[in-house]
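What follows is a set of notes on a single structure, which appears directly below.
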Amino acid sequence: APATPKNDTGSGGGTSGTGGAAAGTGEYHGAYPYTQPPQGHFNIAGQPFVAVPNAIFPGPYGDLMNLPSGYYQWKANAWTLFLLDSYKLDKSTNTYTLKLKSGLKWADGTPLTSKDYLTTFYCQFALNSPLWALISKIDAPDDTTFTAVMKSPAMVVERYLLRSNIIDTKTYGKYADLAKAIVDAGADTSGADFTKLNSDLIGFKPSKLIPNGPFDYDYSTINATQLSLKKNTSSVLAEAVKFASILLYNGETPTVTPLVLSKDVDYATHGFAVASEKQFQAQGYKILRSPVYSGPAIYFSYDKVPEFADYRVRQALIQAFDHKQNGTVALGESGVPQTYYSGFSDNLVDTWITSDGKGKLKQYQHDPDAAAHGLEAAGWKKQGSGWQLPNGKKAAYELLYPSDYADWSGAAKDLADQMKSFGIPITLHGVVSTQITTPWQKGQYQWTINSWGNSTQPYPYFSFVTNFITNNYPGLKGVGGKGMDFPMSATMPGQGKIDINDMINKSGSGIDTAELQKNITELAIVFNTLLPIIPLFERHANAPALDGVRVAKFPDPNSDIVQNSLYADNPVLYGMFTGTIGPKA
Amino acid sequence: MAQATVETATLETSVDSGVRSVRGSSLLSQLTRSASGFAGLIIVVLIVAMSLIAPLVVPEAKPNVNQIWSGPSSRHWLGTNNSGQDIVTLILRGGRTVIFVGFGAALLTTAIAVVIGSLAAYFRGRFDAIMLQITDIVMTIPQIILLAVMGAFFELNSPFALAALIGVLSWPVLMRSIRAQVLSLKEREFVEAARLLDLGTLRIVFMEIVPNMASFILINFIIAITNATYALIGMYVLGLAPMSGDNWGIMINDAWISGAMFNPNSMLYILAPVAMIVIMQLGLIMLSRSLEEILNPRLRDR
Amino acid sequence: MTMAETTMTAAKSDVNTETPILSVKDLVVRYTTGSKSYLDAVRGVSFDLYPGQSLALVGESGCGKTTLGLGLLRLLPRLGSVPSGSMTFVGKNNKPVDVLKLGTAALRRWRWEEAAIVFQGAMNSFNPVLRIGEQMADTMKAHLIDGHKPSKDEILDKSAEMLRAVRLEPKQVLPSYPHELSGGMRQRVLIAMSLLLDPRLLILDEPTTALDILTQRAIVDVLGELRERLGFTMIFITHDLALAAELADRVATMYAGRIIETGSVRDTFQNPRHPYTAGLINAVPPVTGDLPNLASIPGSPPSLATLPKGCAFRDRCSYAEDKCAEIDPELEMIESRLAGLSHTAACINWQQVHSPREVVTADA
Amino acid sequence: MPDPISSDPKSSDRPSSDRQTPLMELSGISQIFKTKRGDRPAVRDVNLTVNAGEVLCLVGESGCGKTTTARMAAGLTKPTDGTVAYNGQDIWSMDKDQFTEFRTSVQYVHQDPYASLNPIRSVYKTISAPLRKHGLSKGNDDSWKQASELLRRVDLTPPESYLSKFPHQMSGGQRQRVAVARALSLNPKLIIADESTSMLDVSIRVGMLNMLGRLRDELGVGFIFITHDLAIAKYFGWEGRTAVMYLGEVVEYGPTQQVINDPQHPYTRALLNAVPEPDPDLAAQKLPGGGLRSADIPSLAALPSGCTFHPRCPLFEEGLCDVTSPELSLIGSRREVACHVVARESGRAAADASVSVSG
Amino acid sequence: MAAIEAGVRGRPATGAVPILKKVWRNYALRRFLRAIFVIWVVATAVFFLVRLLPGNPVEQYIQVQVSQYGATYADAQRSAQAYFNFDPGTPLIQQYFVYLWGLCRLDLGMSIGNRGMAVSTLIAQYLPWTLFSVGIGVGIAIIIGLILGMIMAYRRGGAIDHAVTAIGSFLHAIPNYLLAMIIVVIGGARFGLFDIATMRGTASPGVTFKAYGLAFFPDIFYHASMPILTYVLTTVGTWSLVMKSSTTQVLEEDYVTVARARGLRDLRIRTNYVGRNAILPLVSQIATTAGFVVGGAIFVEQTFKYDGIGTLLYTALQGRDYTVLEGILLIVTVTVVFANLIADLVYSLLDPRIRTTESGD
Ligand SMILES: Nc1ncnc2c1ncn2[C@@H]1O[C@H](COP(=O)(O)OP(=O)(O)OP(=O)(O)O)[C@@H](O)[C@H]1O
Ligand SMILES: Nc1ncnc2c1ncn2[C@@H]1O[C@H](COP(=O)(O)OP(=O)(O)OP(=O)(O)O)[C@@H](O)[C@H]1O
Ligand SMILES: [Mg+2]
Ligand SMILES: [Mg+2]
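Residue numbers (the working numbering), protein chains in the order written: chain Z, 874 to 1458; chain G, 9 to 310; chain W, 10 to 373; chain Y, 171 to 529; chain P, 628 to 988.
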């Protein structure tokens, strides 16, 4: 269901639990990896969808400087608007109309108007945003109105429009003008002028950033290890956010973990190891397990292991091992077995699967006997402690996995253990993540572990793209490999030939909810039956959050907002913007 | 001269043992010369024996999801790992490859360094120049990159291949030290004497000159074992070696990436295999005390 | 034979009444050779050395001369030890010290300032990486000269002086590295170095074996001269009896770790009272005159490790009798004179031992 | 002492042609060391020969180039000029086999036994190594026996107590004898002995010299015998020749008997004069400084002009000796001397003074 | 004496050596040319190895775009090419010659992964910190190690020997990244011995030399202290063990006994007689650590978030930033090669015996 426009931004809101602290004192300590200067720069055009790499715009915390129009509540399917009064979709003209709040200001005092929205989205055009494949025209009829016309309607357009961080015309206007000219001339991105614009914008390195959000960089503090954010009082949310300053530690998991252990960090979104997590808990952190809406899955290179081309084999295999154990070994409580195997997160099933469709999704339970029967039905033979393929060979495989991902390698190890006791010996072959893309693309593996689902978009379409296309030949055209080489026109048992490509497109286009639900359900059943990849489990975050040291209270781990995707509409940031998370008294 | 009789008695045994040692028997009695050397021998033998035998007698550690990172207890002395396996079992079973690769690579490294280093110094001239050149090149070629590329093109499955690869890459530093020492040793007159007796170049280099650096070579050999062991672990980290089976290196890598350092209950998972390597190195170094004395008679003090 | 006759090198006849500069009593030096075995390379040696005296220590190869020299300076290798005996030394300040009891610091200063040693085998006596000049300077800088630290010039002057004294050209030698010098040159540098601090006692362990005769002569002259000037006492270890005759006024003959005869040069050479000494003298080839048939002492020296009971020389001795297998004779006074000038021998048959000349004629 | 000669396998097949070509011939050899501080001509234009069964004694002052000459003769260093011929063949143009043959038949005993023994090898290992390498011994026991035998030859008895010793456990003389024993192990045809008896006491030295003398007489082993002890040169080289070197050049060369009993070159005379006397009475009569004008040896880096000996020479004649350097010239029938004054004198007395030499 | 100075009676040197030959004979020059050759070979090898690494920057960027933002491959590829300013399709050999030509002009090129950044700027930014921390750490470790090694050799078999051997080999056998982690986790987080939050990095926020003057130095020492401690602890054991064995050999030399006989002060004997000779075989080993000083310790720097060249190397490796990788590795190569060169020269200074043979043949 599309989000219903909402007016309250939280800032208008009465008293929040932590309202006691004046906007002048508390400091919040977060951690997020960013590229430090001199490589790091302040060109934030395209955030977050087509961002220029290496911008110092630290993930969710970047939203503190340059607000998007709003945040999405993943569980409630609703937008919380920051910069807008309202937005609406005119289905007949396929036009979105965004109404800006009045009196919005940039930190330098200039008013924030719909012009800046134009700048934002023209710049996205200049950066090759997929948005522009779906819209044909944007306009600003007046200072507080922004419109976008879709050429091929899709639900995701709404998200692109509302979730993009708004950038200022003063800084980016010249690029937006150039982009506008190209759009007006027919949006041709193959011309030389586009290429030049694209390159120029990418190469653009403004020395400073003009924020519209409640915080601004404290530039003198930015170094390789940390940066501080200071209050931008002119922001619309300046009052709502109760922290006076924000300190962000730079670093990946290993360097941030000690900081968490020493309670220097209030909340961190890194993927922490189970061992660390346990220790955090021992020290009084609570763990916010926001779903990541994706997880690891077994991929087969059907070229290399044709015996898995038979879907019955895959259906057998998915029952052959204990997904819960696998998830627990990899991620502790954050590795949750899937129930529906719909191809996307169980958290989205209620939203996108029709009620009768849900019943058609097989809930593959751990059942080695059933698995054995399944294999035998497919012509495999149990021989001693191992399995014999229909062609007489022994079943034994090599599993390629990214060795530096703690959870995935844990999962790989456990999978190998479990498969071994099931009778299929697995040789583990770990490769660092930077080197693994090549074999993935070229299909140089027998089994591998790669991800299913999509953690930045709440639409199943993107998950299906990941599952069927990204690592398969259609997605890899031009790259020179065939990936897993799963046939896109497959035979569904009892249904005959299907065109998966077509089904995926259908699952993403259109704005009719019911229609979409139908299409998505169909495709989910296809995924559930054919299992082109075998999801191991669904990953949840294990973000430690420390109440009572600097922050009064983080949301309850069970609260709905924690269901928000960590990296897309972070629940803690949401809490800050809405004033529910504030400094300790 | 009341001492005379005593002397004769004891001195006879001394001659006797001297003769025996000269004729190369009773290595053991020489190894037990010093107490700490003997202790080292025992440590090394125990660890090697354990690593060889344990995989045959100790059953594999069973994963147990309910026991993840359980910390030391009476059932699991060193606790359990991220899949609930008993760490003691893993330690017992996991020495073989590591020790093999460590010794193998160190042996190869030391052998290459000694052979090339001493021959280059002995012959000087073009051979030396070429060898130095090669040494400089091997020494400076960035190994991580080389290994990454190697790992991408070859399957480094067998411990032999691993040992060979590590061994082949790590000799240059020692080679240069050896070369430098041989440069001055070969000017000694006893080398000249050996040349006069036409003992043969190889014999002169390896039997006359090289043993004079024995203790230096020995300590470097031991250091090379540890270095090779960690190079192996580095290869696991880089994902260049297959991660199958129980093996201290895999344990360390596994523990490292699964953040075992951060939790007192899990710390043992990384500390235990490191401790094994430490203990083995300690044992070797203690043992080297005795070996040095065997190789360098001037050091014997009893 | 009068007292006057026994002193032919200058400046020492008047010293006999003084206390000995070095008094060694029953010194034993032991080498550990195995976990339970050892050998005594010096077996109960006693002697007194008077100021200004020059004692030649002769004896066959391996009899413990070097060991004794090392022991006197407490420089034994790691496996060497002094299980018993005492060494009393009277230094420049005329106070007797027990050398075996000197502390580390005192011992360090004592060495080279009071007693210096020139080693056999000068090849390895120098640090290969330092220039000769630096090594000489090192030696001086480590000690006080007349109570003060020597200045650069003093060091240079003194080094040059000593090098010239051993017939070396300082300008050439000082900046040289040890390996650039011939064996003989190194040996001389070592001698020069030993004299840098005007030690009271100088131990020279075969200092001229590697030297040619001219240099040897020069050194003999220099040593004599310096001895006259500085009045140091000398222990001169050699197997070259001729040299001993020239340089020493007393000779002590060692055999298998013991001193078996002491006496003035003249007494020893003209009237040896131990068959071994007699045999040695007999083996010296003369440079003038016709070529004699020289005979070595029959048999071979015993191994110190397996010394039988009784006199160590008896197997090779033409005067040996049954009794010799029983007793290891002590030094016996043959002619008693003033302290330090007497003639002693450790042979029960000393009376029958012929003079060397007679031996030669008997052989011929 | 057991007879060492009878067991020599090589004695029978010694080519008889040895008698014609000298065993070793050094022709015009020079050695110039290049150092940072300039060239050092340690040996210049030396011509010497050794025949089988003959002893050539090299005497001279320290640093005069004896060792350097001997090292060239042994093929240890290549002369910078001139040729070294063994059995008539230039050793530096030999093929591999010939050179191997040369190597094993010419042995060199180093001056310093402290450095010439490998500190980590026991005596047994030191001596048995060449035996094993050249197949002269069969098995361990045989090596053991032969090594014992060699030690006995050099008077290290009982051999058992020395075989297991290491160099640092032995006295200087004992080491020197081990070095000699090692050189003997290959039954060499030419032994170059560099001060090889200097560290031995007189008695053992005489024993050794006698032993070496037997090798010379009975097996025809040639010797280059370096010593500074003229008495030893005289004793051992009585029937051979002696070359007196000074600052890298041979200044007097002839039959030992003549050179030592009737020295001509003022330097040789000085040397003889300096020989210490065992008799205290005789010793007292020596001339101080050997009768030389100066005891200083000039530096090789700055050699005196003319005759290099002139600054020290008692016969020095200004305008002659410091201008031209004398060549070796025949004095009498078999002796060469490099001295202007002596050559002139002997030329004058050539008619009446012809020394007959018994050979 | 006058006679000696009177004149040199040398014979004229044999034939004039052609000037080229003379130049070639020049040892230092010859070594220099060889060093250049080695650098060229290694630079070439590095170039090709780096390009042979699986994956390339474009591919990686695309992967992220596609998997995270749902871009199509085609789109991602286009923006990647625009961003990276690098075409993986250019023939390798052509790229190589461009690279070589750049090298000849001492131009390391532009970073691929960071638009508009010159490789040399990046290196200049990161390298000094590594030089500073690793240099000091290794320096301290070498000094302490050598001293400890000597003490051990002197007291062979004594308590110190046993203790230092045990501790030294213990430390040597612990990988540096683990030790760094132990310091951080146990020392910092658990026992709070120091404040890991403020110690991270190379300097405190905003602290620069320009702004703070001399007060800058205490700050950077404060920040470098833990990395330095790690380097010292992990390498000191090795040095002490190696030095011990080398010293043991020297202690047996006669000249040491003679030096004692000469009554030299112990210190003098230890430094100039024993130490100097014992260090000889270690010279080249010390030289090779120069490469380490430049290359940094990747994992240690990461653990302490100390942004030295190791960090840059790591990110360049992760992002397949070819030019940066090549630049860093070239610097390492040049350093190692020249350190070796210097080691050889130093060696011949320290050991005069080598020098003579060098010029002798
Ligand atoms: N470190 C040692 N260990 C065992 N035995 C030793 C050691 N050093 C010397 N000896 C033995 O002690 C004895 C005496 O040796 P020393 O060097 O004192 O003899 P020397 O009289 O100086 O002989 P030379 O005249 O040959 O130098 C010899 O038999 C020798 O083998
Ligand atoms: N490697 C070298 N480099 C430079 N000069 C050298 C070298 N070897 C020897 N010399 C010099 O050559 C000269 C002759 O040396 P050599 O060793 O032949 O003398 P020697 O006659 O054997 O003297 P001694 O009797 O003292 O052993 C000496 O001046 C010496 O310094
Ligand atoms: Mg001696
Ligand atoms: Mg010599």
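For glycine and all other residues, C-beta sits at the position ideal for the given N, C-alpha and C. Predicted model only: the values in this text are computed from it and were never measured.
Exercise. Span of the beta strand (DSSP E) holding residue 953 (chain Z)?
Worked result: One-based indexing of the first sequence puts residue 953 (chain Z) at position 80. 951-954 is the extent of the beta strand (DSSP E) around residue 953 (chain Z).
For this session: Compare the beta carbon distance of residue 220 (chain W) and residue 240 (chain W) with 9 Å and say whether it is the shorter of the two.
Result: Your numbering for residue 220 (chain W) matches position 211 in the third sequence. Your numbering for residue 240 (chain W) matches position 231 in the third sequence. Not in contact: residue 220 (chain W) and residue 240 (chain W) (Cβ atoms no closer than 9 Å).
Exercise. What residues from chain P crowd round residue 144 (chain G), counting only those whose CB sits closer than 7 Å?
Worked result: The sequence position of residue 144 (chain G) within the second sequence is 136, counting from 1. Under the 7 Å cutoff, chain P gives 665, 964, 967.
For this session: Would you please verify whether the beta carbon of residue 73 (chain G) is less than 9 Å from any beta carbon of chain B?
Result: Included in the structure are the protein chains Z, G, W, Y and P, with no chain B among them.
For this session: Answer yes or no: does any C-beta atom of chain W fall closer than 9 Å to that of residue 267 (chain Y)?
Result: Numbered from 1 along the fourth sequence, position 97 holds the residue referred to as residue 267 (chain Y). Not closer than 9 Å to any Cβ of chain W, the Cβ of residue 267 (chain Y) fails to qualify, so no.
Problem set entry | Where residue 38 (chain G) falls: helix, strand or coil (DSSP) | By 1-based counting over the second sequence, the position of residue 38 (chain G) is 30. Note: residue 38 (chain G) maps to helix in three-state DSSP.
For this session: Please report how far the alpha carbon of residue 895 (chain Z) lies from the alpha carbon of residue 1445 (chain Z), in whole angstroms.
Result: Counting from 1 along the first sequence, the entry for residue 895 (chain Z) is found at position 22. Counting from 1 along the first sequence, the entry for residue 1445 (chain Z) is found at position 572. Note that residue 895 (chain Z) scores 40 on pLDDT, short of 50, meaning its location in the model is unreliable and no value can be drawn from it.
For this session: Please work out which residues of its chain come closer than 8 Å, Cβ to Cβ, to residue 71 (chain G), disregarding the five sequence neighbours upstream and downstream, and give them in chain order.
Result: If you number the second sequence from 1, residue 71 (chain G) lands on position 63. So the list reads 91, 92, 93, once near-sequence residues are dropped.
For this session: Please determine, among Z:1440, Z:1143, Z:1341, the residue with the shortest C-alpha to C-alpha distance to residue 1217 (chain Z).
Result: For the purposes of this step, residue 1217 (chain Z) is taken as residue 344 along the first sequence, with counting starting at 1. If we check each option's Cα against that of residue 1217 (chain Z), Z:1341 comes out closest.
Exercise. So what's residue 1494 (chain Z) in DSSP terms, helix, strand or just coil?
Worked result: The structure shown does not extend to residue 1494 (chain Z), since chain Z is modelled only from 874 through 1458, so no value can be given for it.
Exercise. Between residue 396 (chain Y) and ligand 4, is the CB less than 8 Å from at least one heavy atom?
Worked result: Indexing the fourth sequence from 1 puts residue 396 (chain Y) at position 226. Under cutoff, so the answer is yes.
Exercise. Between the segment 269-294 of chain Y and chain G, which residues of the former have a C-beta closer than 7 Å to a C-beta of the latter?
Worked result: 270, 273, 274, 277, 278, 280, 282, 285, 286, 287, 288, 289, 290, 292, 294
Exercise. Can we count residue 430 (chain W) as close to ligand 3, meaning its CB is less than 8 Å from some heavy atom?
Worked result: No answer is possible for residue 430 (chain W): it lies beyond the span of chain W, which begins at 10 and ends at 373.
Problem set entry | Below 5 Å from a heavy atom of ligand 4 - residues by beta-carbon | W:192, Y:237, Y:281
Exercise. Closer than 8 Å: is that where the CB of residue 129 (chain W) sits relative to any heavy atom of ligand 1?
Worked result: Stepping through the third sequence from its first residue, residue 129 (chain W) is reached at position 120. Yes, the beta carbon of residue 129 (chain W) sits closer than 8 Å to at least one heavy atom of ligand 1.
Problem set entry | From Z:981, Z:1438, Z:1308, residue whose alpha carbon lies closest to that of residue 1221 (chain Z) | Along the first sequence, read from residue 1 onward, the residue named residue 1221 (chain Z) stands at position 348. The shortest Cα separation from residue 1221 (chain Z) among Z:981, Z:1438, Z:1308 belongs to Z:1438.
Exercise. What residue ranges within the segment 671-713 of chain P form continuous alpha helix (DSSP H) runs of no fewer than 4 residues, ordered along the chain?
Worked result: 684-696, 700-711
For this session: Output, in chain order, the set of chain Z residues within a Cβ distance shorter than 9 Å of residue 686 (chain P).
Result: Translated into positions along the fifth sequence, residue 686 (chain P) becomes position 59. The answer, in chain order, is 1310, 1311, 1314, 1352.
Problem set entry | 6 Å Cβ shell around residue 1005 (chain Z) - same chain, five flanking residues per side excluded | Taking the first residue of the first sequence as 1, we reach residue 1005 (chain Z) at position 132. Around residue 1005 (chain Z): 998.
For this session: Give a single yes or no on whether residue 40 (chain W) has its beta carbon closer than 8 Å to a heavy atom of ligand 1.
Result: Within the third sequence, numbered from 1, the residue matching residue 40 (chain W) stands at position 31. Because some heavy atom of ligand 1 lies under 8 Å away, the Cβ of residue 40 (chain W) counts as near it: yes.
Exercise. When the Cβ atoms of the segment 1309-1329 of chain Z are set against those of the segment 702-720 of chain P, are three or more pairs found closer than 8 Å?
Worked result: no
Exercise. Are there 16 or more other CB atoms within 10 angstroms of the CB of residue 192 (chain Y), so buried, or fewer, so exposed?
Worked result: Locating residue 192 (chain Y) in the fourth sequence gives position 22, counting from the first residue. Residue 192 (chain Y) is buried by the Cβ-count criterion.
For this session: Tell me whether residue 1458 (chain Z) sits in a helix, a strand or coil according to DSSP, three-state version.
Result: Looking up residue 1458 (chain Z) in the first sequence gives position 585. DSSP places residue 1458 (chain Z) in coil when its eight states are reduced to three.
Exercise. Does the beta-carbon distance from residue 977 (chain Z) to residue 956 (chain Z) come in below 9 Å?
Worked result: One-based indexing of the first sequence puts residue 977 (chain Z) at position 104. One-based indexing of the first sequence puts residue 956 (chain Z) at position 83. Their beta carbons are under 9 Å apart, which means residue 977 (chain Z) touches residue 956 (chain Z) by this criterion.
Exercise. When the Cα of residue 849 (chain Z) is compared with those of Z:981, Z:948, Z:920, Z:942, which residue comes out closest?
Worked result: Residue 849 (chain Z) lies beyond the range of chain Z shown here (874 to 1458); nothing can be said about it.
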